[in-house]
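Residue numbers (our numbering): 138 to 284.
These notes are about the structure you will find just below.
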């Protein structure tokens with residue numbers, strides 16, 4: 138599978154892949170773990186696809202996320218280290234979440250609510266996990282479940 142490797146994680150919630158991007162220390166792994174726990178708490182299937190580095194490619198007009206083989210099934214938890222998790226081999230990306238230390242726009246313009254990756258336009262949320270991961274998890278789940 139051709140494609141690119143990006144500095145991002147990906148979790149699968151139901152049938153929706155959520156690509157979580159951001160610089161180191163912005164809460165990507167924390168958000169992914171909390172998102173999986175919250176989805177499972179609602180009775181939904183949720184699983185890790187990739188942590189830290191994700192392979193992206195287009196197949197059939199859809200953006201597909203896969204783990205980088207060398208780190209598949211591993212997740213870094215700050216202060217704990219690398220832990221092993223069961224992971225899915227692939228997910229169709231339905232939402233991009235960009236984590237930042239910067240405060241996102243209060244009411245983002247329509248143009249900033251989507252991202253074009255490998256020529257595929259996908260819904261996008263900009264978040265600051267530092268402001269409270271529970272609110273971010275709620276917003277992500279609402280976006281994913283609203284499909």
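All C-beta atoms in this analysis are idealised placements derived from N, C-alpha and C, irrespective of residue type, glycine included.
Can you tell which of 193, 217, 246, 164 has its C-alpha closest to the C-alpha of residue 239? 164
In chain order, what residues of the same chain have a beta carbon less than 8 Å from the beta carbon of residue 120, not counting five sequence neighbours either side? The requested residue 120 is not part of the displayed model; the chain covers only 138 to 284.
Is residue 204 helix, strand or coil when you go by DSSP? strand
CA-CA distance, residue 231 and residue 216? Distance between the alpha carbons of residue 231 and residue 216 is about 30 Å.
Taking its Cβ as the centre, do 16 or more other Cβ atoms sit within 10 Å of residue 196, making it buried, or is it exposed? exposed
How is residue 146 classed by DSSP in three states: helix, strand or coil? strand
Helix, strand or coil, according to DSSP, for residue 217 in the structure here? coil
Report yes if the CB atom of residue 187 is closer than 8 Å to the CB atom of residue 204, and no otherwise. Yes, Cβ-Cβ distance for residue 187 and residue 204 is below 8 Å.
Jot down the residue ranges of each uninterrupted beta strand (DSSP E) in the region 167-199, minimum 3 residues, whole runs only, in chain order. 183-187, 190-196
What is the DSSP secondary structure of residue 265, counted as helix, strand or coil? coil
Shortest alpha-carbon distance to residue 214 belongs to which of 274, 280, 169? Among 274, 280, 169, the Cα nearest to that of residue 214 is on 169.
Tell whether a beta-carbon distance below 8 Å holds between residue 281 and residue 151. yes
Proximity to residue 142 [Cα-Cα], best of 266, 221, 200: 200
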